[in-house]
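Numbering (my numbering), first residue to last: 474 to 996.
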């Protein structure tokens, strides 16, 4: 589409109406999203995995500034089509507020800003700045349950490839989950070495590089997608170098400054490979230079080039302002204070349940800090044959934003356990009622275990995180409660028994403990 030279050339950043609208929306949105923005800056962005996100607003601002000459040439045509995105954004806001999920609120904020652009400027003008708007999505971290799964998978993949590299080098290296046994020492591939803190910045860089890379869309797509395997491979190389240098110079050499410096070198190497990939694509698939030409402006360029102060009398401004003020008033004026139910502490949980005798265990402080739970219990219960069932319950009196139940699936895999079978199991309790639980047969040779776990949430038994979020939203709205629990029981498969024998023992324990447990979990 060409640009008509007769259109007004006044830069948008000199327009007093523009800055008035920006000021009004900024004040209201800051009031509405204050706690979430505060959490984003002070909690999410200080995490090593997302420390790069603090630069995204600055980069986005620069990308917007680059567009200002073209943006100033287009007239504004406020469109009510933006109201669809606006209403969706408000719905996500209340869903996130009541369900206690920051990511939902982040997406709400982004949708609201995007919709206000369409409502105020129209789609034609919004398209000019569409890439900076989409790019700004990279400033928001993933939800915890997604982030944990990505971190876990990257740790396992990087560890596996790193061990293969060490074995090719000639070292004796074996892997159990994310732990590497080198014989003389053991290396644990923790979250810091998962590759996540290199993967996300590299994807962001590849998106920027692809944006400025004047080539066909498929070349840009390849460039962005290739950042993922490149980062994983380079991180695996880093793990392999760590093992090799540990053998030669001791484990102290790969800690502290050297560990971080090694990561920086690997990151820069990945960036160089990415630039080399651009050169390869250019040489192997050359493109003809595009011929520049001008086309007369269409009628779309002439439509309402200056809305001016009339915008404040239009429904495209009045409706969103009214809805935002109503939401702001409700969020501050109506008490959504949670009702924390009374319950008996797990300190009083019986160590004798029927034929089962228990031995209480304690959780390390580092895990307690990470889980951020209200109360917990870990007990090994033994039957008359001295065969045990491990019983673990975590209770959260509030699953507010930033605090939620952690699924045991990730923890078990991270310890080197492989899921051979996973699914659901239906148990019949003593009172004749049914209990659905998650079931998994896990293995870390030569050991085998059978595990059941479920999530008691108020008066429901749930089996997945999505259910918990939806019921958290509903119960927060109708009952002012978001408390919930995780129950996990594990039976080891002893050498003299089969998986079926261990599962039979596990089921017998669950049937015995369930009515006792209900006395310690509020309905």
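Think of the CB as a built atom: it goes at the ideal place given N, C-alpha and C, for glycine as much as any other residue.
Go through its chain and collect everything with a Cβ distance to residue i's Cβ below 8 Å, but skip five positions before and after it.
i: residue 740; result: 671, 674, 675 and 707
i: residue 644; result: 655, 716, 717 and 720
i: residue 501; result: 794, 797, 798 and 801
i: residue 578; result: 506, 509, 565, 566, 569, 570 and 874
i: residue 944; result: 930, 931, 933 and 935
i: residue 920; result: 965 and 966
I believe residue i touches residue j by the beta-carbon criterion, under 8 Å. Please report the beta-carbon distance rounded to the nearest angstrom.
i: residue 1049; j: residue 928; result: The requested residue 1049 is not part of the displayed model; the chain covers only 474 to 996.
i: residue 565; j: residue 580; result: 6 Å
i: residue 552; j: residue 504; result: The Cβ separation is near 26 Å, so there is no contact.
i: residue 965; j: residue 973; result: Wrong, their Cβ atoms sit about 14 Å apart, outside the cutoff.
i: residue 710; j: residue 638; result: 7 Å
i: residue 573; j: residue 872; result: 5 Å
i: residue 696; j: residue 682; result: 6 Å
i: residue 818; j: residue 824; result: No, residue 818 and residue 824 are not in contact; Cβ-Cβ is about 14 Å, not under 8 Å.
i: residue 535; j: residue 598; result: Going by Cβ atoms, the distance from residue 535 to residue 598 rounds to 19 Å, so no, they are not a contact pair.
i: residue 592; j: residue 537; result: Residue 592 to residue 537, Cβ: 18 Å. No contact.
i: residue 612; j: residue 529; result: 4 Å
In the DSSP output, what is residue i paired with across the bridge?
i: residue 923; result: 914 and 964
i: residue 934; result: 929
i: residue 865; result: 851 and 961
i: residue 900; result: 908
i: residue 895; result: 913
Go through its chain and collect everything with a Cβ distance to residue i's Cβ below 7 Å, but skip five positions before and after it.
i: residue 620; result: 614
i: residue 982; result: 829, 854, 862 and 962
i: residue 533; result: 605, 608 and 609
i: residue 902; result: 908, 984 and 987
What three-state label does DSSP hand residue i in the structure shown?
i: residue 534; result: helix
i: residue 993; result: coil
i: residue 793; result: helix
i: residue 579; result: helix
i: residue 776; result: Since pLDDT at residue 776 reaches only 41, below the 50 mark, its modelled position is unreliable, and no value is offered.
i: residue 709; result: helix
i: residue 504; result: helix
i: residue 870; result: coil
i: residue 908; result: strand
i: residue 665; result: Confidence at residue 665 is low in this model, with a pLDDT of 44, below 50, so the placement of that residue is unreliable and no value is reported for it.
i: residue 949; result: helix
i: residue 688; result: coil
i: residue 767; result: Interpretation of residue 767 is limited by its pLDDT of 43, a score under 50 that renders its predicted location unreliable; the figure taken from the coordinates is listed afterwards. It is coil, neither helix nor strand.
i: residue 636; result: helix
i: residue 480; result: With a pLDDT of only 43 at residue 480, under 50, the local geometry of the prediction cannot be trusted, and no value is derived from it.
i: residue 954; result: coil
i: residue 562; result: helix
Using a Cβ-Cβ distance cut-off of 8 Å, determine whether residue i contacts chain B.
i: residue 594; result: Given the protein chain composition of this structure (a single chain), no chain B is represented.
Apart from the five residues just before and just after residue i, which ones in its own chain have a Cβ nearer than 6 Å to its Cβ?
i: residue 754; result: 692
i: residue 870; result: 813, 847 and 956
i: residue 790; result: 784
i: residue 775; result: Per-residue confidence for residue 775 stands at a pLDDT of 41, beneath the threshold of 50, marking its modelled position as unreliable; the derived number appears in the next sentence. Closer than 6 Å at Cβ, skipping near neighbours: no residue.
i: residue 994; result: 929 and 958
i: residue 849; result: 867
i: residue 910; result: 898, 925 and 927
i: residue 997; result: Any property of residue 997 remains undetermined from this structure, which presents the chain solely from 474 to 996.
i: residue 559; result: 588 and 793
i: residue 616; result: 576
i: residue 865; result: 851 and 961
Tell me whether residue i counts as near the ligand NAP, meaning its Cβ is closer than 7 Å to at least one heavy atom of that ligand.
i: residue 925; result: Summarising the ligand content, the structure contains no ligands, and the ligand NAP is consequently not present.
What ranges does the alpha helix (DSSP H) occupy inside the segment 800-858, keeping only unbroken runs of at least 4 residues that lie completely in it?
838-844
Along the chain, which unbroken stretches of the alpha helix (DSSP H) at least 4 residues long are found entirely within the segment 589-616?
596-601 and 603-608
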